[in-house]
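A.B. asks: Going line by line, the protein sequences match chains A and B. Using the numbering used here, the letters of the first sequence map in sequence onto residues 24 to 338. Using the numbering used here, the letters of the second sequence map in sequence onto residues 24 to 338. I am attaching a structure below and will ask some questions about it afterwards.
Protein chains: 2
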Amino acid sequence: MRRATAVAHANIALVKYWGKRDEALLLPESPSLSIALDRLFTTTTVELGVPSDSLVLDGRAAGEGELRRARFLLDAAGIGEGARIESRNSFPTAAGLASSASGFAALAVAACAAAGQKHTSRELSALARRGSGSAARSVPGGWAVWEDEFAEEVAPPGHLPIRAVIALCGEGKKDVGSRDGMKRSQDTSPYHAAFIAQCRRDYLEARALLRDRNLSALGALAESNALRMHADALAANPPILYWEPPTVSCLQALRRLRDGGLGAWATIDAGPHVVALCAPEDAPRVESTLRAIAGVRDVLVCAPAGGARVVEGDR
Amino acid sequence: MRRATAVAHANIALVKYWGKRDEALLLPESPSLSIALDRLFTTTTVELGVPSDSLVLDGRAAGEGELRRARFLLDAAGIGEGARIESRNSFPTAAGLASSASGFAALAVAACAAAGQKHTSRELSALARRGSGSAARSVPGGWAVWEDEFAEEVAPPGHLPIRAVIALCGEGKKDVGSRDGMKRSQDTSPYHAAFIAQCRRDYLEARALLRDRNLSALGALAESNALRMHADALAANPPILYWEPPTVSCLQALRRLRDGGLGAWATIDAGPHVVALCAPEDAPRVESTLRAIAGVRDVLVCAPAGGARVVEGDR
C-alpha cells in the first residue's frame, strides 16, 4: 500500500472562467486570472492498493457522483488500482465556497505522489483540470493564469499585497451548480458571446495591471468582470440568480466604502458570497463593515497562498 | 385664464424600454409593451394665462429642473403663455415608483385641454413622450405598445385578467436615474446590443401571447426581459445596481411560489421595486407572501387601468 497526503488552496478568479470550449476536456472559452487563498484549503490523503474505491469528505462518506468524479481523475492519471481517499476542508463545508478547486488539486497531487509518479506542475495542473476546471489554477497557486491545458503561476503570492475578505452571504447548496450554470449561460444567454469577448480583453488588461501592481484598477476590473458574469447568468433561460439579499448589501457597502475613500472591490463566484479585494491595511475595516451587515453569517480574511504540495508520503 | 385637470395612470412595461435611438426626440431603440396601473395615477391641473410658470408637486414647489422639463413640454405643444401647474400623485412620492410616466401624460392632456387644443390620442401620446419616453404609453393606457412617435392601446384593460402586485423594496431617490441609466447602458454595456435585439424578439412574442391571453408564458417572458434589462445595466461601466436586498428576497419568493404551482412572475423597472404579475384570484396570496418579506415596506395591488383623460375643465 502506498500513501500520500497533499494540501491545495482554493482560489478566487479576478477574471472569471464561465464557459467551456470543450465540454469533455474542460477547456475554457477564455483565459482566467486568480489568486490562491491561504485560509481556504483542502487536505487530501490517498492510499492506493486497497480492494475498492472509497471517498470520505470531512468525515462523511461521499455520494456516488463525487466518488465517480474522483475515479475519473484517477483513471486520467493512469491509476487503475483501488484508492481510499480522505479529504478535509479547512473551511465550512457546503457553505458554497469553491471547494472543488482545492479538492481536485489536492487529489491530483496526492494520488500521483502515492502512485510514485513524477510530474511537473503543468502536468499536475492539467490533471486537476479533469476533475474541475478551476482546480487547474489551484495547482500552481499564487497569481495564476489558465488558458489551455494547464494553469501557471505568473506572480508569486507576495507580488501584490492584497487581502480577500470573504463575506458568507448564504448557506446550503446552491440551486444551480457551477457546471450547469455555465452550460446554461453558454447555451441560452444572449449575452454570453459578449461576456467571453470581454473576458479576453479583461484578461490582457488584468495581466498588465498585476504587473504594475495597480490594485485599484485591478479591483475595479475584477468587480466589473464578476458583475458581468452574474449578468450573463441572469440573462440565461431560465434565469440564474446566485445572489442572496446580503449579497446586495455587501455590494452597496463596498461602494459606500469607496465613496468614502477606502479601496475595496467585490468579486463573486457562482454563489452568493462576496469576496472583497483590498490592501492588507484596509482589511480590518472592510471585515468589520461586512460583518455588521444583516444576513452575513461570517467573514474570513485571506491572504494569497502558494500552490498545491505533498505534505506527507511514503516516498 | 383657462384651466383644465387631467388624470393619467403610471404603467409598467412587460417588454422594457431601455435605450433611445434618438436622444433629443426620445425615440426608443426597440418597441415596448405595457399595462396601465389603476392605483398609481397623477392628477394634474394646468392654468394658462398667468404671469409666470410655476409647478407644485404633491404640495411642494418643484425644483428648477422639473420646471424646465414641464416648460419644454408646453413649448412642444405650442403653448407659450405662463402656466401654473399643480400635480399630485396617488402613490407614495419619491418612493421610486415611475411617476414621470403618469406625470407627463397628465400634464400633456391637461395643458392641451386648458389651451383649447383638440388632439387625437396619438398626438397627445407623442407630446407626452417629449417629457418622458414612457409617458407615451400612459396616454392610451390599457395594454399599450410604443415603437415610434406615439404609443397605442392594443387591448383594453380587461382583455387579460391580471394583477400587478407591487412590493416596495426601497426608499428615497435612486442613485442613477432612468434617463442616465439607459444612456450609460447604451454607451458602455457590452450586452446592450444583444438586449435590444432580444427586446425586438420579445415584443413580437409578447404581442402574440397577449392576443392568446397566455398569462403564464407572458409572465415568464416579462420576468426574463426585466432581468435582462437589469443585467444590461449591471454590465455597464461603472456598473449600475438598482436592486436592494428585498428585491432578491422577492424574486426568490416568487420562484418558490411558482415551484409550488402558483403562477406569479416579476418585472422590475429601473429601481428596486418588484412588480409581481399574476391572475386576479392569486393576488391575495402573492400580496401576503411579499408583505411578509423583511425589508418590504408596503405592497400595492393594481389592476389594469385606462388612458389619460380630462376630468375637469373650462371647455
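Just so you know, even glycine gets a beta-carbon here, dropped at the ideal spot from N, CA and C.
For chain B, check one thing: does any of its Cβ atoms lie closer than 8 Å to the Cβ of N260 of chain A?
C.D. replies: By this cut-off, N260 of chain A is an interface position.
A.B. asks: Spatial neighbours of D305 of chain B within its chain, please: C-beta separation below 7 Å, excluding the five flanking residues on both sides.
C.D. replies: L285, G286, A287
A.B. asks: Does the beta carbon of A31 of chain A sit closer than 8 Å to a beta carbon anywhere in chain B?
C.D. replies: no
A.B. asks: Quick check on DSSP: helix, strand or coil for G335 of chain B?
C.D. replies: Contrary to the premise, residue 335 of chain B reads as Glu rather than Gly in this sequence. In this structure, E335 of chain B counts as strand in the three-state DSSP scheme.
A.B. asks: Please work out which residues of its chain come closer than 7 Å, Cβ to Cβ, to A229 of chain A, disregarding the five sequence neighbours upstream and downstream, and give them in chain order.
C.D. replies: L37, V38, L56, L241, L244
A.B. asks: What span of residues does the beta strand (DSSP E) with K141 of chain A cover, start to end?
C.D. replies: From DSSP, K141 of chain A is part of no beta strand (DSSP E); its letter is neither H nor E.
A.B. asks: Leaving out five residues on either side along the sequence, give the residues of the same chain with a beta carbon under 7 Å from the beta carbon of A99 of chain A.
C.D. replies: L150, R153
A.B. asks: Please list, in chain order, the chain A residues whose beta carbon lies closer than 8 Å to that of V271 of chain B.
C.D. replies: L264, W266, E267, P268, T270, V271
A.B. asks: Just by C-beta distance, which residues in the stretch 194-210 of chain A are closer than 7 Å to chain B?
C.D. replies: Those would be none; no residue qualifies.
A.B. asks: For A187 of chain B, which option in B:L300, B:N260, B:A293, B:V162 has the closest C-alpha, if you only look at C-alpha atoms?
C.D. replies: B:L300
A.B. asks: Does the beta carbon of P74 of chain B sit closer than 8 Å to a beta carbon anywhere in chain A?
C.D. replies: no
A.B. asks: Taking 8 Å as the CB-CB limit, is Y214 of chain B close to chain A?
C.D. replies: yes
A.B. asks: Can you tell me which residues form a DSSP beta bridge with E175 of chain B?
C.D. replies: According to DSSP, E175 of chain B bridges with B:V168.
A.B. asks: Check whether chain B comes within 8 Å of Q140 of chain A, counting only Cβ atoms and requiring the distance to be less than that.
C.D. replies: Among the residues facing chain B, Q140 of chain A is not included, as its CB has no counterpart in that chain under 8 Å away.
A.B. asks: In chain A, what lies closer than 7 Å to S247 of chain B by C-beta?
C.D. replies: N260, P262
A.B. asks: Tell me the DSSP secondary structure of F64 of chain B in three-state form.
C.D. replies: strand
A.B. asks: Can you give me the C-alpha to C-alpha distance between G72 of chain B and R207 of chain B, rounded to a whole angstrom?
C.D. replies: 40 Å
A.B. asks: Apart from the five residues just before and just after H32 of chain A, which ones in its own chain have a Cβ nearer than 7 Å to its Cβ?
C.D. replies: A59, L60, D61, L63, F64, S125, S161, G164, A328
A.B. asks: Is there a C-beta anywhere in chain B that falls below 8 Å from the one on R281 of chain A?
C.D. replies: no
A.B. asks: Rounded to a whole number of angstroms, what is the C-alpha to C-alpha distance between L120 of chain B and L191 of chain B?
C.D. replies: 9 Å
A.B. asks: Which residue spans inside the stretch 215-293 of chain A form an unbroken alpha helix (DSSP H) run of at least 4?
C.D. replies: 215-234, 238-257, 268-282
A.B. asks: Please decide whether A240 of chain A counts as near chain B, where near means a Cβ-Cβ distance under 8 Å.
C.D. replies: no
A.B. asks: Who does K43 of chain A pair with in a DSSP beta bridge?
C.D. replies: A:P51
A.B. asks: Could you check the C-alpha separation between T270 of chain B and C325 of chain B for me, to the nearest Å?
C.D. replies: Looking at the two C-alpha atoms, the distance is approximately 19 Å.
A.B. asks: For A254 of chain B, return the contacting residues in chain D, with the cut-off set at a CB-CB distance below 7 Å.
C.D. replies: Considering every chain present, this structure includes no chain D. Its protein chains are A and B.
A.B. asks: Considering only C-alpha positions, which residue in the set A:P115, A:D171, A:A174, A:D76 is nearest to A134 of chain A?
C.D. replies: It is A:D76 whose Cα lies nearest to the Cα of A134 of chain A.
A.B. asks: From which residue to which residue does the beta strand (DSSP E) around R111 of chain B run?
C.D. replies: 105-112
A.B. asks: Does the beta carbon of L250 of chain A sit closer than 8 Å to a beta carbon anywhere in chain B?
C.D. replies: Yes - at least one Cβ of chain B is within 8 Å of the one on L250 of chain A.
A.B. asks: Are P180 of chain B and P303 of chain B closer than 8 Å when you measure CB to CB?
C.D. replies: no
A.B. asks: Would you please state the rounded distance, in angstroms, between the beta carbons of V333 of chain A and A138 of chain A? I believe it to be under 8 Å.
C.D. replies: V333 of chain A to A138 of chain A, Cβ: 12 Å. No contact.
A.B. asks: Using a C-beta cutoff of 8 Å, does L274 of chain A count as contacting chain B?
C.D. replies: yes
A.B. asks: Is A299 of chain B close to chain A, meaning its C-beta is less than 8 Å from at least one C-beta of that chain?
C.D. replies: Not a single C-beta of chain A is nearer than 8 Å to the C-beta of A299 of chain B.
A.B. asks: For the beta strand (DSSP E) holding L80 of chain B, just list the boundary residues, first then last.
C.D. replies: 77-80
A.B. asks: Please compile the residues from chain A whose C-beta is within a distance smaller than 7 Å of the C-beta of A217 of chain B.
C.D. replies: P213, Y214, A217
A.B. asks: Which partner residues of I340 of chain A appear in the DSSP bridge assignment?
C.D. replies: Here chain A has residues from 24 to 338 only, and residue 340 of chain A is not among them.
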